[in-house]
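Trainee: To convert, take the position in the sequence shown, counting from 1, and add 67; that gives the numbering used here.
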Amino acid sequence: MKGNFPIDKFGALQTPFYYYDTHILRQTLELIRQETSKMESVVVHYAIKANANPQILRTIREYGLGADCVSGGEIKAALQAGFSPDKIVFAGVGKADWEINLGLEHGIFCFNVESIPELEIINELAAAKGLVAQVELRVNPEVKAHTHANITTGLAENKFGIALSDVEHVITLAQQMEHVKFIGLHFHIGSQILDMGDFAALCNRVNELLVLLEQQLHIKIDNINVGGGLGVDYQHPNRQAIPDFHEYFKTINMLIRRRDGQVLHFEPGRSVVAQCGSLISKVLYVKQGANKQFAILDAGMTDLIRPALYQAYHKIENISSELPLETYDVVGPICESSDVFGKAVDLNKTNRGDYIAIRSAGAYGEIMASQYNCRALPKGYTTEDLL
Ligand SMILES: *Cc1c(COP(=O)(O)O)cnc(C)c1O
68 MKGNFPIDKF GALQTPFYYY DTHILRQTLE LIRQETSKME SVVVHYAIKA
118 NANPQILRTI REYGLGADCV SGGEIKAALQ AGFSPDKIVF AGVGKADWEI
168 NLGLEHGIFC FNVESIPELE IINELAAAKG LVAQVELRVN PEVKAHTHAN
218 ITTGLAENKF GIALSDVEHV ITLAQQMEHV KFIGLHFHIG SQILDMGDFA
268 ALCNRVNELL VLLEQQLHIK IDNINVGGGL GVDYQHPNRQ AIPDFHEYFK
318 TINMLIRRRD GQVLHFEPGR SVVAQCGSLI SKVLYVKQGA NKQFAILDAG
368 MTDLIRPALY QAYHKIENIS SELPLETYDV VGPICESSDV FGKAVDLNKT
418 NRGDYIAIRS AGAYGEIMAS QYNCRALPKG YTTEDLL
């Protein structure tokens, strides 16, 4: 079974480009809305870094989600798409002064602070404006997520967050500062996590920390932010187009022992947008090598870097051909040996000019594109654009 594509509309477009299936995106957002409306005091912030295409952002905002930003540019993109500042959170280990000032000027909900020097600068910059910045501390929970090493974030060896053993001290510091208000704790253990046990381990760590802080500091934590990280089924984008948000929200909401009035925040990125997007390209040449054949596409690692960067798997389909299957290495035109989308891929017999869809590319695809080899950036089109 292949995906559904309006190929008759593709002829007018320059390949390669991203195609976003609006129907799948909306179904995904509908499920998120349904599942979270069953729970009390829950806010979902979409992690903008997964995909900041303006159309996609506007659709996500329509469903009432907030925004999780990791740069000033993302804060601007969120504001432009109409996200309310009081639903914007701002994380990142290296926030520049102008980025902090931008957040302050717009009165974003909170800064997720990753170090003491950052906390001090936020306090200073807020003081200069006569403001009080709301801050959560991003805690490194030392929980191992069973995913690719390059996308784990919650281990002691990673650069992210404040060490567990320092949390109490940093909260005390924050409480002594006049221009920051400590409002909660933030966690994020990694990405493409499919084992609910990893999220359960995070919940246990959060529970332990809440008890400890209550005992030692006698404080109640108003906000718990568990970050993002839910994975998607890259093998079966057609069979499982919508991630299991039911299990995800249920597990975390059930396991975190929330105190009265505590608000639970989530920051899904990949799981919201991955399956709605495909990179569409055309076959330039079919080349016979010494012992294999290559399908050479007009899309390359500049358009979708995940396979080259993380050895990520994406399902590849020839959406123009129904001929018998043959085996190809599917590669791009970039002058790098790692410019390979898939090795020994079974495709319907492929000819020059066929359309190839690289699936599950809605997250960390278009947004990571580069202009290496002086290539143009790929454009993104939604189903609605092509009507
Ligand atoms: C990247 C990131 C997310 C989103 O992660 P996904 O795996 O795409 O869900 C959420 N929160 C923070 C702080 C992040 O850096």
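By construction, the Cβ of each residue, glycine as well, lies at the ideal position given by its N, Cα and C atoms.
Measuring CB atoms only, is the segment 350–365 touching the segment 432–442, in the sense that at least three cross pairs come out at less than 8 Å?
Mentor: No: fewer than three Cβ pairs fall under 8 Å.
Trainee: Is it right to say Gln259 is buried, meaning 16 or more other beta carbons lie within 10 angstroms of its own, or is it exposed?
Mentor: Classification of Gln259: buried, given that the 10 Å Cβ count is 16 or more.
Trainee: Do the segment 118–126 and the segment 181–191 make contact, defined as three or more Cβ pairs closer than 8 Å?
Mentor: As far as the Cβ criterion goes, the segment 118–126 does not touch the segment 181–191, which means the pair count is below three.
Trainee: Examine ligand 1 and report whether any of its heavy atoms sits within less than 8 Å of the Cβ of Pro335.
Mentor: Flag set: Cβ of Pro335 near ligand 1.
Trainee: What is the rounded straight-line gap between the Cα of Ser151 and the Cα of Gly131?
Mentor: Computed Cα separation, rounded: 10 Å.
Trainee: Say the cut is 8 Å; is the CB of Ser258 nearer than that to a heavy atom of ligand 1?
Mentor: True, at least one ligand heavy atom lies under 8 Å from that Cβ.
Trainee: Does the segment 266–283 come into contact with the segment 304–313, if we say contact requires no fewer than three beta-carbon pairs (one atom in each stretch) closer than 8 Å?
Mentor: With a cut-off of 8 Å, the segment 304–313 and the segment 266–283 do not count as touching, because too few Cβ pairs lie within range.
Trainee: With three or more C-beta pairs closer than 8 Å as the rule, is the segment 291–306 touching the segment 252–267?
Mentor: Contact between the segment 252–267 and the segment 291–306 is present, because at least three Cβ pairs lie under 8 Å.
Trainee: Rounded to the nearest angstrom, how far is the Cβ of Val202 from that of Ala158, given a contact under 8 Å?
Mentor: Incorrect: roughly 11 Å between the Cβ atoms, too far for contact.
Trainee: Compute the beta-carbon to beta-carbon distance between Asn292 and Val156, rounded to the nearest angstrom, for a pair I have assumed lies under 8 Å.
Mentor: About 7 Å; that satisfies the 8 Å criterion.
Trainee: Looking at the unbroken beta strand (DSSP E) that takes in Thr394, where does it start and where does it end?
Mentor: Note, Thr394: beta strand (DSSP E), 392–398.
Trainee: Using 8 Å for Cβ pairs, my map puts Asn118 next to Ala424. What's the rounded Cβ distance?
Mentor: No, Asn118 and Ala424 are not in contact; Cβ-Cβ is about 17 Å, not under 8 Å.
Trainee: Could you pull the DSSP bridge partners for Tyr85 from this structure?
Mentor: Paired residue(s): Leu346, Gly447.
Trainee: Check whether the Cβ of Lys116 sits closer than 8 Å to any heavy atom of ligand 1, and report yes or no.
Mentor: Yes, the Cβ of Lys116 comes within 8 Å of a heavy atom of ligand 1.
Trainee: Need the endpoints of the beta strand (DSSP E) that Cys177 sits in, please.
Mentor: First-last of the beta strand (DSSP E) with Cys177: 177–180.
Trainee: Can we count Asp300 as close to ligand 1, meaning its CB is less than 8 Å from some heavy atom?
Mentor: Result no, Cβ not under 8 Å from ligand 1.
Trainee: When you compare only the Cα positions, how much space is there between Ile175 and Leu454?
Mentor: C-alpha separation (whole angstroms): 36 Å.
Trainee: Using only alpha-carbon positions, find the residue among Ser427, Gly420, Ala375 that is nearest to Gly409.
Mentor: Closest option to Gly409, Cα to Cα, is Ala375.
Trainee: Provide the residue(s) that pair with Glu203 in DSSP beta bridges, ordered along the chain.
Mentor: Answer by DSSP bridge pairing, in chain order: Asn179, Gly251.
Trainee: I'd like to confirm something about Ser338: is its beta-carbon nearer than 8 Å to some heavy atom of ligand 1, or not?
Mentor: For ligand 1, at least one heavy atom lies less than 8 Å from the Cβ of Ser338.
Trainee: Are the segment 107–114 and the segment 323–335 in contact at 8 Å, needing three or more beta carbon pairs?
Mentor: They touch, by the three-pair rule.
Trainee: May I ask you to report which of helix, strand or coil DSSP gives Val313?
Mentor: The residue you asked about is not Val; residue 313 is His in the sequence shown. It is helical.
Trainee: Compare the C-alpha of Phe178 against each of Lys196, Gly133, Thr214, His253 and name the closest.
Mentor: It is His253.
Trainee: Name the two residues that bound the continuous alpha helix (DSSP H) containing Gly140.
Mentor: Counting along the chain, the alpha helix (DSSP H) containing Gly140 begins and ends at 139–147.
Trainee: Please work out which residues of its chain come closer than 7 Å, Cβ to Cβ, to Ala341, disregarding the five sequence neighbours upstream and downstream, and give them in chain order.
Mentor: For Ala341, where only same-chain residues beyond five positions count, the Cβ hits under 7 Å are Val299, Ser427, Gly429, Ala430.
Trainee: Given Lys76, which residues of its chain have a CB within under 6 Å of its CB, disregarding the five upstream and five downstream residues?
Mentor: So the list reads Leu453, once near-sequence residues are dropped.
Trainee: Relative to the alpha-carbon of Leu351, which residue among Thr394, Ala366, Asn207, Ala357 has its alpha-carbon at the smallest distance?
Mentor: It is Ala366.
Trainee: Can Ala428 be considered in contact with ligand 1, in the sense that its beta carbon sits closer than 8 Å to one or more heavy atoms?
Mentor: Ala428 Cβ: outside cutoff for every heavy atom of ligand 1.
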